[in-house]
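Number of protein chains: 2
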Amino acid sequence: MDKVLGIDIGGTSIKAGMFSTEGTLEAATQIPTGEIVSEAAFAVVTEGLKKLLADNGASADDVVGVGLDVPGPVDDDGKVGMLANIELDPEGLQAALKRTFSRANLAFVNDANAAALGELWQGTAKDAKSFVLVAIGTGVGGGVVTDGKIVSGAFGAGGEIGHITVNRNEKDSCGCGRQGCLEQYASASGIVRVYKQECEKLGQDPVALSGPTDTLSVFNACRDGDKAAQAAISCMCDCLGYAMAQISAIIDPQMYLLGGGVAGGFNLFAEELRAAFRKYCLAPSIGTRILPASLGNDAAMYGSAYQAMKG
Amino acid sequence: MDKVLGIDIGGTSIKAGMFSTEGTLEAATQIPTGEIVSEAAFAVVTEGLKKLLADNGASADDVVGVGLDVPGPVDDDGKVGMLANIELDPEGLQAALKRTFSRANLAFVNDANAAALGELWQGTAKDAKSFVLVAIGTGVGGGVVTDGKIVSGAFGAGGEIGHITVNRNEKDSCGCGRQGCLEQYASASGIVRVYKQECEKLGQDPVALSGPTDTLSVFNACRDGDKAAQAAISCMCDCLGYAMAQISAIIDPQMYLLGGGVAGGFNLFAEELRAAFRKYCLAPSIGTRILPASLGNDAAMYGSAYQAMKG
Chain F
28 MDKVLGIDIG GTSIKAGMFS TEGTLEAATQ IPTGEIVSEA AFAVVTEGLK KLLADNGASA
88 DDVVGVGLDV PGPVDDDGKV GMLANIELDP EGLQAALKRT FSRANLAFVN DANAAALGEL
148 WQGTAKDAKS FVLVAIGTGV GGGVVTDGKI VSGAFGAGGE IGHITVNRNE KDSCGCGRQG
208 CLEQYASASG IVRVYKQECE KLGQDPVALS GPTDTLSVFN ACRDGDKAAQ AAISCMCDCL
268 GYAMAQISAI IDPQMYLLGG GVAGGFNLFA EELRAAFRKY CLAPSIGTRI LPASLGNDAA
328 MYGSAYQAMK G
Chain P
28 MDKVLGIDIG GTSIKAGMFS TEGTLEAATQ IPTGEIVSEA AFAVVTEGLK KLLADNGASA
88 DDVVGVGLDV PGPVDDDGKV GMLANIELDP EGLQAALKRT FSRANLAFVN DANAAALGEL
148 WQGTAKDAKS FVLVAIGTGV GGGVVTDGKI VSGAFGAGGE IGHITVNRNE KDSCGCGRQG
208 CLEQYASASG IVRVYKQECE KLGQDPVALS GPTDTLSVFN ACRDGDKAAQ AAISCMCDCL
268 GYAMAQISAI IDPQMYLLGG GVAGGFNLFA EELRAAFRKY CLAPSIGTRI LPASLGNDAA
328 MYGSAYQAMK G
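Set out below in structure tokens:
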């Protein structure tokens, strides 16, 4: 039986899923890796994948596709750009996988793009022609799908929606070196940043935070009536709704999906976000749906498998 | 020999071109129409097209595609939305064309999208995978191409780049009812509007203008050292470069093409526009090319033919 592997590459381990070509996740495993830059490290990956297959009644010869998502740019031709946060030699790993899975098509995908493809294959966006996944974690990532295909971009910057400018008056700099990016207000760190600013404005102490991305505590404070937390979440909704309205004036997608850790609070802010989008968008786009993504942390694994199968 | 017709629908006449399937414009004609809402008016169109074919050694049976561009929204499924500026019954015209050209595939395209498709088929963007046409006329239109296909949008608002917000502090309203749209600064009327504001600021009289969209006089004044004209053109470049940087953070196209009447002044402002884009864009997109479109007023005729042929 033909199988497809979807591999989510992290800093210290990979998560691998074995899928049927119809999109059923039949088994998954986590393989500790460390840096993936040597033949020894490539062998850890390939042996781990072979074990996953063997444990589930399949073998390397069944594999028709191997998709890998990476936390960095991948251009329209599938070429991996500079990876800032992980040690990975993409060409070396690709060669090792090709030797092990000789029938398989190999594909690299940017992680947010992979998550979007996962939602397109088996998630909320199943059968959608166009949509944008907004992935809110430490930063804000995105996956743009038009005509059923991911838009990686000519230079790998497709879906960098965290860097849409939403405030030209901002003085603080974003990680990208520019000012006023969506990510500065709507990411986990952005929400906490704005919350602290609002506390200062109101002369109140912030609630106890476990760290600079602890939006859970900010969301809980909001539910408890904390004015600064409410202001931070309103700011997030306003910035996000504004950015989505800009996207709609360019590609006018069928729907937006919210994913990433912060999407756990979707019910808390969904109505305010929808209202902000409607306030800023052009009239024809006013009915665009804004929905939560449904595959959670597995989305990128699904999407990289899908990309390898399609390619 | 198979032929394709491309039809550019205007308020008082249509312009029709007869193309080979390879994209050579073999003949063209202008047919005065008036309102296109009755069987009599549809017959004027079909008879005019049959004459164009007959005069050039072809007949209705040779026609494999008829594409029509309209100045209004057309969604991803080819459905024509509300047309504000012309009197046209799209279903009626479509039925009449279908009776006349029984072999032909029929397609409607938004006019700016058609111009983009024309540039993709036979213009500057030939063989490009992705690009955005910025059409600067009385307003600012756009055509977005990803993976070689036009992005019409789920609600027909794809490519409405004239309504990207570039100034959240603007008090004057755009035609769309929102404030701070690109069109308020970078369209022909926007350039003249800003020029007059700059003249007032500087306490100078504007040069003689033939009307509210006379950018030619503003461009000439700029060449002659008029400070207000220079400021208006700098403002246009800044707003356009900023908007293009937002587009690149979403779909990251290979190139931008400038079309429409204002693109006649391309050489005057090209370097300033490129500098503005580089100032605002994300690092990976910095090499994106910004070029003039090449098919001029015929672009939409080419593009509607192309859409009908592909469809």
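In order, the protein sequences belong to chains F and P. Taken in order, the first sequence gives residues 28 to 338; the numbers are from this note's numbering. Taken in order, the second sequence gives residues 28 to 338; the numbers are from this note's numbering. Where a beta carbon is used, it is the ideal one built from N, C-alpha and C, also for glycine. Nothing here was measured: the structure is a model prediction, and the numbers come from that model.
From residue i to residue j, what does the alpha carbon distance come to, in whole angstroms?
| i | j | result |
| --- | --- | --- |
| F/Asp265 | P/Leu229 | 36 Å |
| F/Pro311 | P/Gly183 | 7 Å |
| P/Leu79 | P/Phe304 | 44 Å |
| F/Asp29 | F/Ala332 | 12 Å |
| F/Ala255 | P/Glu225 | 41 Å |
| F/Asp279 | F/Ala272 | 9 Å |
| F/Met328 | F/Ala162 | 15 Å |
| P/Leu160 | P/Thr173 | 12 Å |
| P/Met109 | P/Val101 | 9 Å |
| F/Gly170 | F/Ala142 | 7 Å |
| F/Gly252 | F/Tyr283 | 28 Å |
| P/Glu49 | P/Ala276 | 34 Å |
| P/Ile274 | F/Ile274 | 8 Å |
| P/Gln281 | P/Ala152 | 9 Å |
| P/Gln231 | F/Asp199 | 38 Å |
| P/Ile58 | P/Leu120 | 15 Å |
| F/Ala85 | F/Gly150 | 26 Å |
My assumption, with CB atoms under 8 Å, is that residue i sits in contact with residue j. Please give the rounded CB distance.
| i | j | result |
| --- | --- | --- |
| F/Ile36 | F/Val107 | Contact flag wrong, Cβ pair sits at about 10 Å. |
| P/Met263 | P/Ile191 | Actually they do not touch by this definition, with Cβ atoms about 14 Å apart. |
| P/Met140 | P/Gly186 | The amino acid occupying residue 140 of chain P in the given sequence is Asn; Met does not appear at that position. Right, the Cβ-Cβ distance comes to about 6 Å (below 8 Å), so this counts as a contact. |
| F/Ile177 | F/Leu144 | 6 Å |
| F/Leu300 | F/Ile317 | 6 Å |
| P/Gly207 | P/Arg195 | 6 Å |
| F/Ala131 | F/Val91 | 6 Å |
| P/Gln64 | P/Glu146 | The amino acid occupying residue 64 of chain P in the given sequence is Val; Gln does not appear at that position. P/Val64 to P/Glu146, Cβ: 31 Å. No contact. |
| F/Gly164 | F/Ala215 | 6 Å |
| P/Val193 | P/Ala302 | Their Cβ separation, rounded to whole angstroms, is 16 Å, which puts P/Val193 and P/Ala302 out of contact at 8 Å. |
Under 8 Å between C-beta atoms, does residue i make it to chain F?
| i | result |
| --- | --- |
| P/Gly185 | yes |
| P/Ser261 | no |
| P/Asp103 | yes |
| P/Lys156 | yes |
| P/Cys203 | yes |
| P/Phe246 | no |
| P/Gln281 | yes |
| P/Phe182 | yes |
| P/Val72 | no |
| P/Asp96 | no |
| P/Gly338 | no |
| P/Gly323 | no |
Determine the burial state of residue i: buried for a count of at least 16 other Cβ atoms within 10 Å of its Cβ, exposed for fewer.
| i | result |
| --- | --- |
| P/Met45 | buried |
| F/Ala235 | exposed |
| F/Thr60 | buried |
| F/Ala259 | buried |
| F/Ser346 | Only positions 28 to 338 of chain F appear in the structure, and residue 346 of chain F is not among them; the question remains open. |
| F/Ser179 | buried |
| P/Ala67 | exposed |
| P/Asn137 | buried |
| P/Pro239 | exposed |
| P/Arg205 | buried |
| F/Asp103 | buried |
| P/Asp325 | buried |
| F/Thr39 | exposed |
| P/Thr51 | exposed |
Step through the CB atoms of chain P and report whether any lies within less than 8 Å of the CB of residue i.
| i | result |
| --- | --- |
| F/Arg220 | no |
| F/Ile278 | yes |
| F/Thr240 | no |
| F/Pro100 | yes |
| F/Arg195 | yes |
| F/Ser214 | no |
| F/Pro311 | yes |
| F/Gly44 | no |
| F/Gln149 | no |
| F/Val178 | yes |
| F/Asp253 | no |
| F/Ile317 | no |
| F/Ser200 | no |
| F/Thr192 | yes |
| F/Val167 | no |
| F/Asp174 | yes |
Report yes or no: is there a C-beta of chain A within less than 8 Å of the C-beta of residue i?
| i | result |
| --- | --- |
| P/Ser86 | The structure shown contains no chain A; its protein chains are F and P. |
Enumerated in chain order, which unbroken segments of the alpha helix (DSSP H) with a length of 4 residues or greater are wholly contained in the segment 218–258 of chain P?
-> 242–250
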